[in-house]
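K.L.:
Below: one structure in structure tokens.
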Amino acid sequence: MAESAVRFLLHRLAPVFENKVKLFTEVQAEVIYLKGQLELIRAFLRVADALEESDEELKVWVKQVRDVVHEAEDLLDELELVQVHDHTNGFSIYLCIRNMKARYRIAHELKSINSRMKAISSSRKRFLSQLETSSVASNSINTGNAWDDQRGDALLLDNTDLVGIDRPKKQLIGWLINGCPGRKVISVTGMGGIGKTTLVKKVYDDPDVKKHFKACVWVTVSQSCKIEELLKDLALKLFSEIRRPIPEGMESMCSDKLKMIIKDLLQRKRYLVVFDDVWHMYEWEAVKYALPNNTCCSRIMITTRRSDLAFTSSIESNGKVYNLQPLKEDEAWDLFCRNTFQGDSCPSYLIDICKNILKKCEGLPLAIVAISGVLATKDKRRIDEWDMICHSLGAEIHGNGKLDSFKTVLNLSFNDLPYHLKYCFLYLSIFPQDYLIQRMRLIRLWIAEGFIEAKEGKTKEDVADDYLKELLNRNLIQVAGTTSDGRVKTLRIHDLLREIIILKSKDQNFASIVKEQSAAWPEKIRRLSVHSILPYRQQHRSVSQLRSFLMFGVGEHVPLGKLFPSGFKLLSVLDYQDAPLKKFPLAVIDLYHLRYLSLRNTKVKMVPGYIIGKLHNLETLDLKKTSVRELPVDILKLQKLRHLLVYQFKFKGYAQFHSKHGVKAPTEIGNLKSLQKLCFVEANQDRGMIIRQLGKLTQLRRLGILKLREEDGMAFCLSIERLTNLHALSVTSEGESKVIDLTFLCSPPPFLQRLYLSGRLQELPSWIQSLHSLARLFLKWSCLKYDPLVYLQDLPNLAHLELLQVYDGDTMHFRSGKFKKLKVLGLDKFDGLKEVTVGKDAMTCLERLSIGRCELLKKVPSGIENLTKLKVLEFFDMPDELMKTICPHGPGKDYCKVLHIPDVYSTYWRDGGWDVYALDTFNRDCSPRSGTLIRSHEPRIQWKL
1 MAESAVRFLL HRLAPVFENK VKLFTEVQAE VIYLKGQLEL IRAFLRVADA LEESDEELKV
61 WVKQVRDVVH EAEDLLDELE LVQVHDHTNG FSIYLCIRNM KARYRIAHEL KSINSRMKAI
121 SSSRKRFLSQ LETSSVASNS INTGNAWDDQ RGDALLLDNT DLVGIDRPKK QLIGWLINGC
181 PGRKVISVTG MGGIGKTTLV KKVYDDPDVK KHFKACVWVT VSQSCKIEEL LKDLALKLFS
241 EIRRPIPEGM ESMCSDKLKM IIKDLLQRKR YLVVFDDVWH MYEWEAVKYA LPNNTCCSRI
301 MITTRRSDLA FTSSIESNGK VYNLQPLKED EAWDLFCRNT FQGDSCPSYL IDICKNILKK
361 CEGLPLAIVA ISGVLATKDK RRIDEWDMIC HSLGAEIHGN GKLDSFKTVL NLSFNDLPYH
421 LKYCFLYLSI FPQDYLIQRM RLIRLWIAEG FIEAKEGKTK EDVADDYLKE LLNRNLIQVA
481 GTTSDGRVKT LRIHDLLREI IILKSKDQNF ASIVKEQSAA WPEKIRRLSV HSILPYRQQH
541 RSVSQLRSFL MFGVGEHVPL GKLFPSGFKL LSVLDYQDAP LKKFPLAVID LYHLRYLSLR
601 NTKVKMVPGY IIGKLHNLET LDLKKTSVRE LPVDILKLQK LRHLLVYQFK FKGYAQFHSK
661 HGVKAPTEIG NLKSLQKLCF VEANQDRGMI IRQLGKLTQL RRLGILKLRE EDGMAFCLSI
721 ERLTNLHALS VTSEGESKVI DLTFLCSPPP FLQRLYLSGR LQELPSWIQS LHSLARLFLK
781 WSCLKYDPLV YLQDLPNLAH LELLQVYDGD TMHFRSGKFK KLKVLGLDKF DGLKEVTVGK
841 DAMTCLERLS IGRCELLKKV PSGIENLTKL KVLEFFDMPD ELMKTICPHG PGKDYCKVLH
901 IPDVYSTYWR DGGWDVYALD TFNRDCSPRS GTLIRSHEPR IQWKL
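For reference, each letter of the sequence shown is one residue, going 1 to 945 in full-length UniProt numbering.
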């Protein structure tokens, strides 16, 4: 982590040496010296970071480096503040003297930091011999040996020690034995501790597998393996397996020679080679050409924590990837009781406590075994001890030696992260347990914290998304929710992995989490995350280094000035989302470094211009779900603003035309050249002048427009043609009967993925057919004179289609072989619709179908029985005659057509909520409202946009 801090500071220093920042002479000299010292120790730090857990003296040294780097970063930010005051406050003798004193103080403190850095750099020499030895196999010294022991234990487990293994074992054996004669790669992936090695070893040892293959070899790949050693190990085991003498001089052979020997040995054999615990792609690349692609039904198995590695290695041979899942609830309970109570049942008075502990394990076998090992030693009569472990699992992981192996496994994943991902991953520690993390919120926070470095041809958001994918590929975070078109929407982190990074975050002084009023803050707090309750004000504790302040579930509001009376001038992230805030926080007026401000879902009504105009570094302003209806002209001063979200939805029940509320923006909004997201702006002000300004916002990725006037259609189309980076566009006309005129748009944005049009269309824009990237299309109140399906059916990537009052015809026909990627379809309020037909092989991927308020539609779509992947069929306020045709009792002549669909519902809007009836609960009289009622108040996604 010290390496990450050093690299981060060096990145911050880059503008100084590119002459983008002018410093006075004394400071310039100190900064140059500091940069030199940082570069000297940077390479040294990667190994030191990995070894610090096993060497207390080295740990102290690494902490000294980290502390000095943080102090230097703070001083540079203070210096920037002084320079800003020089340029913005005009001429004042008092201010000139004050700023000059500040500059000399900063220069003096930088000199002091450099003296300390010189001493720290000199003291590293006594670690050099240790680190040079360790750099060869750094992990073998601190965590590797312990993990190798645990991996060896996994290979020796009896079948009686295992649960939940039969189904995946059978699947993998089938993949090994059956299939084409060519060589195939079968990869097993999943997070650390999920049981990949155990499962594959049981497959490897199965008698049917041993009988099928003529040569079977198991190779364990260490995290820091050398390619020559890996090939040598494979060759030695092969010679032993086929009982041939080892050639002379093999110990000194080069990689190419070893590959030739291995290939020659296996060329005419049906072989099985297992590479257990592969960490890096280069390891697979180094061995794959040594394994001949013969026609003997040979197989290679790989276990890895890296999903991308598993997929890439298998796809080359049309192989298979098995994503190993956590244990099911009953399997986890079985394993837990076996290890905790040695086969006895759990005492009734401990069941609730044990189930709460088990819930934190989330089906991870290694965690269950490790924690049950701790509990097995506890007195079963001391309920308080068991309850204490349940509520202080983080402390238990830190202090209980019996959990070291579990901690080691997860630490291996963290230590393998490149420096740029370590900060990003640790940042997840600020979120509460079981919190669903919004993907875009996390990306914007990472950017505001400075964790994301720009890359040529990519925005910071693109780079951050790549980082996120890498963490997902490493199975360190999990996808919690996706959008209908497959984009990641929310994320979560395993509870015990979260406990590990909270401990690491605290140890590195990366972030502090406060869950109790009396909780003490660290001496130099950098990030503060408050959960549920605000801490007592600590009058004598300075927070001058505070960079980020976030609140989750806090029920009271205390002004920042009172909470931090000593000041917080370096704050860059302020997240008030869901807080009980009624007014815009005045304290932000002096926060020059503020880059992220979220007041989402608060009761704020107004943004003071004299405050917002001073936040020159602001990149994200999130006012979603507030009552702000107008933005001050001062917002145009925010030239770095990238994301401006000011809107809310207010509706009950079905979609309503005026359910979205946007904001009146300054006419010269085009001055905000850095904007990537702008939602939602009212376009009917100043005679549509704002529409002409939109064309200047060429960086826009997402744009939302409300109250577009018909007469502004040409100007709007000209502006949209200039927005070539646009991915999502939402347009709403002035009124339900008002026209959206898009006929002048000749060249739509080429990468448009999501399009939402609410308002009358004289005709369906012909250019929609050319949107090959389009994944979501919502058309509402279009009132077309013809069926639009023929113009939409060949869109190659359309996954979600919502049509509301689109046309008045009496039939809709989904033609054979069309809508090949469609997964979600919604049809609402087609007043004249009497028949829907689905051709053979149409919508072959459809998973969800919603039909609502079509009063003349008296039967289910013809051909619905062909939609074999349909999982949910939901009817909203549909005629009783239709519902009776699919009733499982009585005259339900079409019941057989929907029998293959797992979930079929009849839903009605009543008294401010949804009454939902499942088809299989309908009573004998087949009344759609006589089944089991489920009451819901959740808005439906198809009516939200």
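Where is the CB? At the ideal position from N, CA and C, for every residue including glycine.
Quick caveat: nothing in here was measured; it's all calculated off a predicted structure.
#1: Would Gly662 be called buried (16 or more neighbouring beta carbons within 10 Å of its own) or exposed?
#2: According to DSSP, is residue 946 helix, strand or coil?
#3: Rounded to the nearest angstrom, what separates Ala587 and Lys664 at their Cα positions?
#4: Distance, Cα to Cα, Asp915 vs Arg498?
#5: Residues in the same chain with beta-carbon distance under 6 Å from Ile351, minus the five sequence neighbours each way, listed in chain order, please.
#6: Should Asp256 go down as buried or exposed, given a rule of 16 or more other Cβ atoms within 10 Å for buried?
#7: Our contact map puts Phe584 next to Met606 with C-beta atoms below 8 Å; I'd like the distance itself, whole angstroms only.
#8: Going by C-alpha distance, which of Arg924, Lys614, Leu631 is nearest residue 952?
#9: Name the two residues that bound the continuous beta strand (DSSP E) containing Glu874.
#10: By Cβ distance, which residues of its chain are closer than 6 Å to Lys35, with the 5 residues on each side in sequence left out?
#11: Could you tell me whether any Cβ in chain B is nearer than 8 Å to the Cβ of Glu78?
#12: Ignore the nearest five residues each way along the sequence and tell me which others in Pro788's own chain have a CB closer than 8 Å to its CB.
#13: Can you find the residues in the same chain that come closer than 7 Å, C-beta to C-beta, to Lys738, ignoring five residues on each side of it along the sequence?
#14: Going by DSSP, what residue range makes up the beta strand (DSSP E) through Ile851?
#15: Tell me whether the beta-carbon of Ala842 lies closer than 8 Å to the beta-carbon of Asp485.
#16: Look up Thr743 in the DSSP assignment and say whether it is helix, strand or coil.
#17: On the criterion of 16 or more Cβ atoms from any shown chain inside 10 Å, does Cys896 qualify as buried, or is it exposed?
#18: In the DSSP assignment, the beta strand (DSSP E) including Asn323 goes from what residue to what residue?
#19: Tell me Val217's beta-bridge partners as DSSP assigns them.
#20: Output yes or no for whether 8 Å exceeds the beta carbon distance between Ala235 and Leu258.
#21: With 16 other CB atoms within 10 Å as the buried threshold, where does Cys926 fall?
#22: What are the start and end residues of the alpha helix (DSSP H) that includes Ser307?
#23: With a threshold of 6 Å on Cβ separation, who are the neighbours of His813 within its own chain once the five nearest residues in sequence on each side are excluded?
#24: Do Ala480 and the ligand ZN come close, with the Cβ less than 7 Å from some heavy atom?
#25: Report the three-state DSSP secondary structure of Gln438 (helix, strand or coil).
#26: Quick one: any contact between the segment 259 to 269 and the segment 182 to 193, if contact means 3 or more CB pairs under 8 Å?
#27: Along the chain, where does the beta strand (DSSP E) containing Gln762 start, and where does it finish?
#28: Determine the closest residue to Ile690 out of Asp264, Leu672, Cys216, with distance taken between C-alpha atoms.
#29: Tell me whether the beta-carbon of Glu682 lies closer than 8 Å to the beta-carbon of Lys660.
#30: What are the start and end residues of the alpha helix (DSSP H) that includes Asp384?
#31: Pair every Cβ in the segment 405 to 412 with every Cβ in the segment 554 to 564, then say whether three or more of these pairs are closer than 8 Å.
#32: Alpha carbon to alpha carbon, what distance is there between Thr844 and residue 947?
#33: Relative to the C-alpha of Tyr349, which candidate in Phe876, Gly192, Ile383, His889 has its C-alpha closest?
#34: Tell me whether Trp279 sits in a helix, a strand or coil according to DSSP, three-state version.
#35: Determine which residues share a DSSP beta bridge with Trp446 and list them.
#36: Please report the straight-line C-alpha distance between His108 and Asn415, rounded to a whole angstrom.
P.N.:
Walking through what the data contain:
#1: Here residue 662 is taken as the residue at index 662 of the sequence shown, counted from 1. The residue in question, Gly662, is buried, as its Cβ has 16 or more Cβ neighbours within 10 Å.
#2: Outside the displayed range of the chain (1 to 945) lies residue 946, so it cannot be described from this structure.
#3: Locating residue 587 in the sequence shown gives position 587, counting from the first residue. Locating residue 664 in the sequence shown gives position 664, counting from the first residue. Going from the Cα of Ala587 to the Cα of Lys664 covers about 25 Å.
#4: The residue labelled residue 915 in the question sits at position 915 within the sequence shown. The residue labelled residue 498 in the question sits at position 498 within the sequence shown. Spanning the two alpha carbons is a distance of roughly 38 Å.
#5: By 1-based counting over the sequence shown, the position of residue 351 is 351. None.
#6: Along the sequence shown, one-based indexing puts residue 256 at 256. It is exposed - the Cβ of Asp256 has fewer than 16 other Cβ atoms within 10 Å.
#7: Within the sequence shown, the letter at position 584 stands for residue 584. Within the sequence shown, the letter at position 606 stands for residue 606. Confirmed, about 7 Å.
#8: With the chain covering 1 to 945 only, the question about residue 952 has no answer from this structure.
#9: Position 874 of the sequence shown, counting from 1, holds the residue named residue 874. Taken as a continuous stretch (DSSP letters only), the beta strand (DSSP E) holding Glu874 covers 872 to 876.
#10: Your numbering for residue 35 matches position 35 in the sequence shown. Excluding residues within five positions, the ones whose Cβ falls inside 6 Å are Leu13.
#11: The chain labelled as chain B is not found in the depicted structure, where only one protein chain is given.
#12: Position 788 of the sequence shown, counted from the first residue, corresponds to residue 788. Taken in chain order, the residues that qualify are Leu764, Leu779, Ser782, Leu803, Val806, Tyr807.
#13: Against the sequence shown, residue 738 aligns to sequence position 738. So the qualifying residues of the chain are Glu710, Gly759, Arg760.
#14: Here residue 851 corresponds to residue number 851 of the sequence shown, with the count starting at 1. Per DSSP, Ile851 belongs to the beta strand (DSSP E) from 848 to 852.
#15: The residue labelled residue 842 in the question sits at position 842 within the sequence shown. The residue labelled residue 485 in the question sits at position 485 within the sequence shown. In this structure, Asp485 does not lie closer than 8 Å to Ala842 by Cβ.
#16: The residue labelled residue 743 in the question sits at position 743 within the sequence shown. Reduced to three states, the DSSP call for Thr743 is coil.
#17: As a working note, residue 896 is residue 896 in the sequence shown. Its Cβ having fewer than 16 others within 10 Å, Cys896 is exposed.
#18: Position 323 of the sequence shown, counted from the start, is the residue given in the question as residue 323. Looking at the DSSP string, the run of the beta strand (DSSP E) that includes Asn323 is 320 to 323.
#19: As a working mapping, residue 217 is identified with position 217 in the sequence shown. Val273, per the DSSP bridge assignment.
#20: What you label residue 235 is simply residue 235 of the sequence shown in a count that begins at 1. What you label residue 258 is simply residue 258 of the sequence shown in a count that begins at 1. Yes; because the gap between Cβ atoms is below 8 Å, this pair is in contact.
#21: Within the sequence shown, the letter at position 926 stands for residue 926. By the neighbour-count rule (16 or more Cβ atoms within 10 Å), Cys926 is buried.
#22: Locating residue 307 in the sequence shown gives position 307, where the first residue counts as 1. Element bounds for Ser307: 307 to 315.
#23: One-based indexing of the sequence shown puts residue 813 at position 813. Answer for His813: Thr837, listed in chain order.
#24: This structure simply doesn't include the ligand ZN, nor any ligand for that matter.
#25: Translated into positions along the sequence shown, residue 438 becomes position 438. In this structure, Gln438 counts as strand in the three-state DSSP scheme.
#26: no
#27: Sequence index remark: in the sequence shown, residue 762 carries index 762 (1-based). No beta strand (DSSP E) contains Gln762, which DSSP labels as neither H nor E.
#28: Here residue 690 refers to the residue found at position 690 when the sequence shown is read from its first residue. Taking only the C-alpha atoms, the option nearest Ile690 is Leu672.
#29: Residue 682 sits at position 682 when you count from the first residue of the sequence shown. Residue 660 sits at position 660 when you count from the first residue of the sequence shown. Against a cut-off of 8 Å, the Cβ pair of Lys660 and Glu682 comes out as no contact.
#30: Mapped onto the sequence shown, residue 384 falls at position 384. Per DSSP, Asp384 belongs to the alpha helix (DSSP H) from 383 to 391.
#31: no
#32: There is no way to answer for residue 947, as the model of the chain reaches only from 1 to 945.
#33: Against the sequence shown, residue 349 aligns to sequence position 349. Ranking Phe876, Gly192, Ile383, His889 by Cα distance to Tyr349 puts Ile383 first.
#34: Numbered from its first residue, the sequence shown carries residue 279 at position 279. In this structure, Trp279 counts as coil in the three-state DSSP scheme.
#35: As a working mapping, residue 446 is identified with position 446 in the sequence shown. Beta-bridge pairing links Trp446 to no other residue.
#36: The residue you call residue 108 lines up with position 108 of the sequence shown. The residue you call residue 415 lines up with position 415 of the sequence shown. In a straight line, the C-alpha of His108 is about 36 Å away from that of Asn415.
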